[in-house]
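**Q** Let me begin by handing over the structure; questions about it come next.
There are 2 protein chains.
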Amino acid sequence: MPMTEKYCATNNLEPLVNQQVSHRLAYFAEMQQQLCVRNYGSSNIYDNGFTSLHSNSQHELRTESSHKSIEDNVTESRSVNQKLWPVKACLEMKCLWDEFNELGTEMIVTKAGRRAFPTFQIKLWGLDPDAHYILMMDFVPVDEKRYRYAFHSSSWVVAGKGDPCAPPRIHIHQDSPEKGSHWMKQAISFDKLKLTNNQLDNNGHIILNSMHRYQPRFHVIYDSATGEESKLVNFKTFTFIETQFIAVTAYQNHRITQLKIASNPFAKGFRDCDIDDWYVL
Amino acid sequence: MPMTEKYCATNNLEPLVNQQVSHRLAYFAEMQQQLCVRNYGSSNIYDNGFTSLHSNSQHELRTESSHKSIEDNVTESRSVNQKLWPVKACLEMKCLWDEFNELGTEMIVTKAGRRAFPTFQIKLWGLDPDAHYILMMDFVPVDEKRYRYAFHSSSWVVAGKGDPCAPPRIHIHQDSPEKGSHWMKQAISFDKLKLTNNQLDNNGHIILNSMHRYQPRFHVIYDSATGEESKLVNFKTFTFIETQFIAVTAYQNHRITQLKIASNPFAKGFRDCDIDDWYVL
DNA sequence: CCGTTCCCACCTAGGTGTAAATGT
DNA sequence: ACATTTACACCTAGGTGGGAACGG
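In order, the protein sequences belong to chains A and B.
Here the UniProt record's numbering is used: the first residue of the first sequence is 1, the next is one more, and so on.
Here the UniProt record's numbering is used: the first residue of the second sequence is 1, the next is one more, and so on.
Next comes the structure, spelled out in structure tokens:
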């Protein structure tokens, strides 16, 4: 699998992770390696080294009725560590995500980095309270297409072939590594995560192409594997279809803007009515 | 030493430490025990279970000319772990602390908890980069006296016997435990630490008596001791005499108020002149 | 023309001392 | 009297979308 190896070999970890946890790189180096193999090892590889979810039947996205996510690991050839078998994840604020998703979620990307809204938050169950886990997120292009917003029809249309991707980055939750009991105590919020369109970003933010569609993913990594255990698959990936979005430098769909203003406390200054708890966040 | 044992026995750890790190209690239980013995084992014990620094020659405070602190461990009977021998601490913003100290530093205590200013910040050297350490602070009453401010003479005078102390608390730095390399990377700031006069405080803040004098202390704890090593003294305490202060509910010395306003960025609104970088913080 | 960048008014969240009110 | 509490104006620090300016 030469492409995969080449991809991993050129995948310099240092600038890929967010700054808050850079001093813990040793913990994550091997996990990064595993994720590379896992993400791209059995998928169609494009010139830019990236994967298309849609072109890979293993990853084909399907609508889920509940808060449940797609668990990617079921197709793994290696056995999954027992510490991860019972792990379940649930998306917080699912109703709000659904509302955005029905309109076509847009996320602002800026040179300096912009937080995503709604914030990515998950609740975990089934971790070993005393074992150590690392939590991380990454963002997979949904396709290799560039989009534009057709104002006359109020819809997104394909505008051509996708632009080349910067080397993909991962965001490691700042509490990592922590015990299972810590992660299960309350919802885990990725509110430090920022999105940027600056291909040369030096702040460890997630680099995305504007006008491209992305699927966020959550990874739970078992951090205490030793001996024979370390040969098992020591992570589990959760994909919530309703968190898909298109990266933009300015909002295109006015209804998205209005929903952001209505639901994001920091945008309260732009609300028309005084009912500021339309969404209780 | 019945008082010491009684003191430690009634010293329920749970509510003593700040909330941010409460889930890491297991790490600190033994250290707390050691600190109790160490702090109070060879000192005069008062009815309230507290120690007078002044009445104990081993702890007698003396002025230091440089940034150096008093290292308490030299009087220990047990051997100190090698991982701590070369550890040195240096007080950040020493000039500002000196300026406050010459006037007689006052720190506001409130029911809800108030940050100290200047912020307690130290720089560490000599840690093993790969070993894990815990950093904590506590506050020792300088004497068992109550003070009042004599406005006519602009000085603090003894107003009687000290009030009973609440069970002493420790503040564990939120990054604990972390590797030596982490702690030495930059100055360690205890900016999450808050002081309160609420004897029933439930937020893990440091409980102090208003109008009483306190000496802050820094403790570096070696967290990786196993086997024979664990019988050694696995912590080192640093005391910076210039950080001594009197707890107050309202500032008494007007010159302290003015110095706070001049040097604390959050008090900029009370400055007379527009030169807001009189102190570059 | 369309997408991006930049500055800005307006928020959230929380750290200041003040001065009046409230104990004790 | 003196100490403490409370509400508050005024900051820091940083997250919003708007709209003008910029650029291919």
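Glycine is no exception: its CB is placed at the ideal position from the N, C-alpha and C atoms.
B:PHE218 and B:PHE240: beta carbons closer than 9 Å?
**A** Against a cut-off of 9 Å, the Cβ pair of B:PHE240 and B:PHE218 comes out as a contact.
**Q** To which residues of the same chain is B:VAL21 closer than 7 Å at the C-beta, ignoring the five residues directly before and after it?
**A** For B:VAL21, the predicted structure reports a pLDDT of 48, less than 50, and the residue's modelled location is therefore unreliable. A value from the coordinates is still provided. ILE172, GLN174, SER176.
**Q** Could you pull out every unbroken beta strand (DSSP E) segment of at least 3 residues lying fully inside the segment 127-195 of chain A, listed in chain order?
**A** Taking only runs of at least 3 residues, the beta strand (DSSP E) segments lying wholly in the segment 127-195 of chain A are 132-141, 145-150, 155-161, 170-172.
**Q** How many Å lie between A:ILE134 and A:SER189 at the Cα?
**A** Roughly 14 Å separates the two Cα atoms.
**Q** What separation, rounded to the nearest whole angstrom, lies between the Cα atoms of A:HIS182 and A:ASP128?
**A** Distance between the alpha carbons of A:HIS182 and A:ASP128 is about 10 Å.
**Q** Quick check on the DSSP output: the beta strand (DSSP E) that includes B:PHE235 runs from which residue to which?
**A** From DSSP, the beta strand (DSSP E) with B:PHE235 extends over 235-239.
**Q** Helix, strand or coil: which one does DSSP assign to B:ARG213?
**A** Strand at B:ARG213.
**Q** Could you pull the DSSP bridge partners for B:HIS205 from this structure?
**A** None; B:HIS205 has no bridge partner.
**Q** In the DSSP assignment, find the beta strand (DSSP E) that holds A:GLN121 and state where it starts and stops.
**A** Unbroken beta strand (DSSP E) run through A:GLN121: 121-125.
**Q** Per DSSP, what kind of secondary structure is B:GLU92 in: helix, strand or coil?
**A** It is coil, neither helix nor strand.
**Q** Buried or exposed: A:ASP138, going by 16 or more other Cβ atoms within 10 Å of its Cβ?
**A** Classification for A:ASP138: buried.
**Q** Should B:ASP130 go down as buried or exposed, given a rule of 16 or more other Cβ atoms within 10 Å for buried?
**A** So B:ASP130 counts as exposed.
**Q** Counting along the chain, where does the alpha helix (DSSP H) carrying A:ALA262 start and finish?
**A** Residues 254-263.
**Q** Any idea if B:HIS152 is buried or exposed, counting beta-carbon neighbours within 10 angstroms, 16 or more meaning buried?
**A** So B:HIS152 counts as exposed.
**Q** In the DSSP assignment, the beta strand (DSSP E) including A:VAL248 goes from what residue to what residue?
**A** Where A:VAL248 is concerned, the enclosing beta strand (DSSP E) stretches over 245-248.
**Q** In chain order, what residues of the same chain have a beta carbon less than 8 Å from the beta carbon of A:VAL109, not counting five sequence neighbours either side?
**A** So the list reads LEU195, THR196, ASN197, LEU208, SER210, ALA247, VAL248, THR249, once near-sequence residues are dropped.
**Q** Taking A:PRO141 as the reference, give the member of A:SER155, A:PRO168, A:VAL157, A:LEU124 with the closest Cα.
**A** The shortest Cα separation from A:PRO141 among A:SER155, A:PRO168, A:VAL157, A:LEU124 belongs to A:PRO168.
**Q** The beta strand (DSSP E) spanning B:GLU106 covers which residue range?
**A** Taken as a continuous stretch (DSSP letters only), the beta strand (DSSP E) holding B:GLU106 covers 106-108.
**Q** Mind checking A:LEU84: buried by the 16 CB within 10 Å criterion, or exposed?
**A** Under this definition A:LEU84 is a buried residue.
**Q** Excluding the 5 residues preceding and the 5 following B:ALA267 in the sequence, name in chain order all residues of the same chain whose CB lies nearer than 8 Å to its CB.
**A** Cβ neighbours of B:ALA267 beyond the five flanking positions: LYS260, ILE261.
**Q** Measure the alpha-carbon distance for B:GLN82 versus A:GLY113 and round it to whole angstroms.
**A** The alpha-carbon atoms of B:GLN82 and A:GLY113 are separated by roughly 45 Å.
**Q** Quick check on DSSP: helix, strand or coil for B:PHE266?
**A** Helix.
**Q** Considering only residues of the same chain and omitting the five flanking positions on each side of A:ARG38, which have a CB-CB separation below 6 Å?
**A** Reliability of the predicted coordinates at A:ARG38 is poor, the pLDDT of 38 falling under 50, and no value is obtained from them.
**Q** So, are the CB atoms of B:ALA187 and B:GLN121 less than 9 Å apart?
**A** A contact, by the Cβ cut-off of 9 Å.
**Q** In this structure, how does DSSP classify B:PHE117 when only helix, strand and coil are distinguished?
**A** In this structure, B:PHE117 counts as coil in the three-state DSSP scheme.
**Q** Whose C-beta lies closer than 7 Å to the C-beta of B:HIS254 among residues of the same chain, with five residues either side of it excluded?
**A** Answer for B:HIS254: no residue qualifies.
**Q** For B:MET93, which residues in the same chain have their Cβ closer than 7 Å to its Cβ, ignoring the five residues on either side in sequence?
**A** Around B:MET93: PRO118, GLN121.
**Q** Please check the pair B:LEU124 and B:VAL220, which I expect to be a contact at CB under 8 Å, by giving their CB distance rounded to whole angstroms.
**A** Between B:VAL220 and B:LEU124 the Cβ distance is about 7 Å, and since that is below 8 Å, they are a contact.
**Q** Please classify A:ASP116 as buried or exposed, where buried requires at least 16 other C-beta atoms within 10 Å of its C-beta.
**A** Reading the sequence as shown, one finds Ala at residue 116 of chain A and not Asp. The residue in question, A:ALA116, is buried, as its Cβ has 16 or more Cβ neighbours within 10 Å.
**Q** I believe B:ILE256 touches B:GLU106 by the beta-carbon criterion, under 8 Å. Please report the beta-carbon distance rounded to the nearest angstrom.
**A** At roughly 5 Å, the Cβ-Cβ gap stays under 8 Å, so B:ILE256 and B:GLU106 are in contact.
**Q** By how many angstroms is the C-alpha of B:THR243 removed from the C-alpha of A:ARG271?
**A** Rounded to the nearest angstrom, the two C-alpha atoms are 48 Å apart.
**Q** For A:LEU200, count neighbouring Cβ atoms within 10 angstroms of its own Cβ and tell me buried if that reaches 16, exposed if not.
**A** A:LEU200 should be labelled exposed.
**Q** Cα-Cα, which of A:GLY126, A:ASN203, A:ASP163 is closest to A:GLY180?
**A** Nearest option by C-alpha distance: A:GLY126.
**Q** Which same chain residues, not among the five before or five after B:ASP98, have their C-beta less than 8 Å away from its C-beta?
**A** Cβ neighbours of B:ASP98 beyond the five flanking positions: GLU242.
**Q** Taking the straight line between their C-alpha atoms, what separation do you get for A:THR226 and A:ILE170?
**A** Between A:THR226 and A:ILE170, the C-alpha separation is close to 24 Å.
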